[in-house]
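Take any residue in the sequence shown, count from 1 to its spot, add 289: that is its number in our numbering.
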Amino acid sequence: MSSPLASLGKTRRVPLQSEPVSPGRRAVKIYGDEDEVDMLNDRHGSEETISVPSCYGRIGAPVSRQVPVSHDPEKMATVMKQLRDLEQQVKAQTNEMLSKDRKIRALEELLQNFQENQGEATLQRQEELETMCTRLQRQVGEMERCLRDILDGFFPSELQRLYPDGVPFQVSDLRNQVYPENGLDPFPGEGRVVGRQRIRKPLDRMEHPGSKMTAEKFLKKLPKFVIRQGEVIDIRGPIRDTLQNCCPLPARIQEIVVETPALAAERERSQESPDSPAPPLSMLRIKSENGEQAFLLMMRPEDTVGDVRTLLAQARAVDATTFEIFSTFPPTVYHDDTLTLQAAGLVPNAALLLRVPRAPPPAPGPCSK
């Protein structure tokens, strides 16, 4: 063998000595210089085969340790089953991730839609509030005009569209009503404040004399009359006479109950079958021309204005043509005697007035030159 320095300047190809090849093992020829060949020959007893890198002119194979191959079918089947299980797990995880991605995208879309709708709802609510404020501002003027019409004695124009046939008003005078500022009772006993003198007990609250219950207010809370055992019983009259001795009362209006067929039928019904339901009736209160008398008539809805006129004429002992029947709300004069109370809107009750007949306005004639 030449020296290592001499081997640097030359390159020879020397075949390896043949060695027995075991069954199932392939012989590999390695080409190289002498030193490499000697190194490989010294290790020919081992079970490793090393391929020379490709820089020596051949495509080399990776260095590997030869391991005997196992051919156990059960282990192969177990390994294949494990591989299939792993593959199925990977697919399941992939599907789950895709499903979660779809849910996340759907939630993001819902969130975006909710934010957009919330912004639109806020704008819509603001517009509704502005519209409501504008409408309330207009209603202030409408209420002022309505009250002005009522004080002037006219039917408010705002109510004519809703109630073309009129609507009753109930006006209460509460000018003398006293509203206490503090509804709590005064603290009992004496109070003390640091740095001040003793606080006296509060004096009794002074009330306006007009807020006390008067005899007239008490009488208005009672019914005018009731029907018992077929008889019309006046309630306010005897009580007024009793209170007249102790409380000065203003001159009262004389109320006269007019005997009508409906009143007679109601009296008979209350005597024979008091538990039976009462038929529909109309109670009319008609004030005379001077306002000193009020006639109470119980009528049926199918009765006519002519029937009312005839009964009033009999009760007053005057001619039926000497007075007119009219209402102030709505302002209507009832000239048609064939008109029923139901059609005239005088059911279930109504307040009417009497007056002297007024001459109709003259018809416009031809203008004389």
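No residue lacks a Cβ here, since even glycine has one placed at the ideal position from N, Cα and C.
Linking Thr-549 to Met-588 through their CA atoms gives a straight-line distance of about 7 Å.
Note: Phe-514 is bridge-paired with Asp-523 in the DSSP secondary-structure output. The beta-carbon distance between Arg-558 and Ser-565, rounded to whole angstroms, is 6 Å. This is short enough to meet the 8 Å contact definition. At the C-beta level, Phe-584 and Ala-604 come within 8 Å of one another.
By the Cβ-count criterion, Tyr-623 is buried, with 16 or more other Cβ atoms from all chains shown falling within 10 Å of its own Cβ. In this structure, DSSP gives Ala-639 an extended state, which the three-state scheme calls strand. Per the DSSP secondary-structure output, Lys-576 pairs in a beta bridge with Ala-583 and Leu-642. By alpha-carbon distance to Leu-511, the top candidate from Gln-518, Pro-646, Ile-528 and Thr-367 is Ile-528. For a cut-off of 8 Å, the C-beta gap from Val-546 to Val-521 is around 5 Å, short enough to register as a contact.
In the DSSP assignment, Glu-447 falls within the unbroken alpha helix (DSSP H) covering 446-449. Ranked by Cα distance from Glu-544, the options Leu-570, Gly-580 and Glu-561 are led by Gly-580. Across the structure, Glu-578 and Gln-415 are spaced so that their CA atoms are roughly 58 Å apart. The beta carbon of Leu-508 is closer than 7 Å to those of Arg-525, Ile-528 and Arg-529 in its chain, skipping five residues each way along the sequence. Boundaries of the alpha helix (DSSP H) around Glu-397: 362-440.
For Pro-620, the beta-bridge partners assigned by DSSP are Thr-617. The DSSP-derived three-state label of Glu-591 is coil. In this structure, Ile-614 and Ile-575 form a Cβ contact; the two beta carbons are roughly 7 Å apart against a cut-off of 8 Å. Rounded to whole angstroms, the gap between the alpha carbons of Gln-426 and Arg-437 is 17 Å. Going by C-alpha positions, Leu-375 is about 26 Å away from Lys-392.
Straight across, the Cα-Cα distance linking Gln-560 with Gln-631 is about 27 Å. Remark: C-beta atoms of Val-636 and Pro-568 do not approach each other more closely than 8 Å.
Shortest Cα-Cα distance from Lys-513 to any of Val-456, Met-572, Ala-551 and Ser-461 involves Met-572.
Distance from the CA atom of Cys-422 to the CA atom of Gly-430, rounded to whole angstroms, is 13 Å. Around Thr-621, the same chain offers Phe-615 as residues with beta carbons nearer than 7 Å, after the five sequence neighbours per side are excluded. Here DSSP, grouped into helix, strand and coil, assigns Gln-631 to helix. Rounded to whole angstroms, the Cβ separation of Leu-628 and Val-594 is 5 Å, and the two are in contact under 8 Å. By alpha-carbon distance to Asp-462, the top candidate from Lys-506, Pro-453 and Asp-441 is Lys-506.
Spanning the alpha carbons of Asn-406 and Arg-394 requires a straight line of approximately 18 Å.
With fewer than 16 other Cβ atoms inside 10 Å of its own Cβ, Asp-454 counts as exposed. For Gln-466, there is no enclosing alpha helix (DSSP H), as DSSP gives it neither H nor E. Taking 8 Å as the cut-off, the Cβ atoms of Phe-612 and Leu-641 do not count as close.
In this structure, the CA atom of Asp-625 is about 14 Å from the CA atom of Gly-634. Between the alpha carbons of Thr-411 and Phe-444 lies a distance of about 42 Å. Of the residues Phe-618, Val-368, Arg-647 and Met-369, the one whose Cα lies closest to the Cα of Phe-458 is Phe-618.
The Cβ neighbour count for Leu-586, taken over all protein chains shown within 10 Å, is at least 16; the residue is labelled buried.
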